[in-house]
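What follows is one structure encoded as structure tokens, with my remarks underneath.
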Amino acid sequence: MSKLYKLVENRGLHYKEMWFDNQRGVIVIHSGKVGYIGKSEEIAIKVEDVEKYSERFVSECNQQGYMNLNDDDLYRLVIQYPLKSEFGNKRDAWLKDKVQEYVQNHLGWYGLGHVDGFDIGNKKLNIFCIVVNEEKAVSSIKTCLKTYRLDFTNVRIATKKMNENEYRLKYSYKFIEKFELI
């Protein structure tokens with residue numbers, strides 16, 4: 001998958017991405033403004049031609065001003081759920097899988113970023129994401145969790161710039177004094 005970004009004057013950050021859907025034998029090209037559902041098109045292609053097409057896609061995007069973002073332009077976001085036991089239970093494992101699935105799709109279709117893993121321990125489930133717009137990503141994730149009924153009443157969301165050490169709490173349904181990752 002290739003995902004590139006371009007800052008368009010007076011119009012904000014835009015994205016273009018491409019991936020190969022192996023099951024259907026098509027390349028999907030998805031583009032739009034960050035924070036909004038983009039448009040997509042599909043192109044039938046042979047598996048052996050995917051790499052060449054991908055290289056051409058990146059080259060054409062670069063010529064149009066689309067580039068990879070630097071770490072300085074990215075945020076690390078964590079979706080945290082408190083657990084009742086040290087490593088959670090069957091329901092928590094289900095929640096981990098569903099939140100990752102729905103948030104990955106949601107962030108992707110809105111051009112905001114992607115899920116980057118999880119950890120469970122110390123009575124906490126942390127799902128990590130890398131996002132390009134902190135405020136839009138927090139708002140979008142809140143909408144996703146509410147829409148799909150993914151335990152919104154217990155969630156905490158915190159963010160930090162990629163090069164920072166401390167997370168800042170951006171949302172908590174229930175009041176907490178200080179956000180702690182572990």
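Position 145, counted from 1, in the sequence shown is what our numbering calls 145; the numbers after and before it change by one each time, with no gaps.
All residues carry an ideal CB built from backbone N, CA and C; glycine is no exception.
Predicted model, so just to flag it, every value in this text is computed and none were measured.
By the neighbour-count criterion, in which a residue is buried when 16 or more other Cβ atoms sit within 10 angstroms of its Cβ, GLN64 is exposed. Shown here for ASN126: same chain residues with a beta carbon closer than 7 Å to its own, the five before and five after excluded, namely VAL78, GLN80, PHE118, ASP119 and LEU181 in chain order. With a threshold of 16 other beta carbon atoms within 10 Å, VAL8 falls short and is exposed. For a cut-off of 8 Å, the C-beta gap from GLY111 to VAL34 is around 5 Å, short enough to register as a contact. Linking GLN23 to MET1 through their CA atoms gives a straight-line distance of about 15 Å. In this structure, the beta-carbon distance from VAL103 to ILE141 falls below 8 Å.
DSSP places GLY111 in the coil class of the three-state scheme, outside both helix and strand. DSSP, reduced to helix, strand and coil, places SER85 outside both helices and strands of the structure shown, so it counts as coil. Burial is judged here by how many other beta carbons sit within 10 angstroms of a residue's own beta carbon; ILE37 has fewer than 16 and is exposed. Assigned with DSSP and collapsed to three states, VAL26 falls in strand. Here ASN70 is exposed, its C-beta having fewer than 16 other C-beta atoms within 10 Å. Under DSSP, THR143 forms no beta bridge with any residue. Membership of ARG56 in the alpha helix (DSSP H) is indicated by the continuous run 50-63. Separation of GLU166 and ILE176 (C-alpha to C-alpha, rounded to the nearest whole angstrom) is 16 Å.
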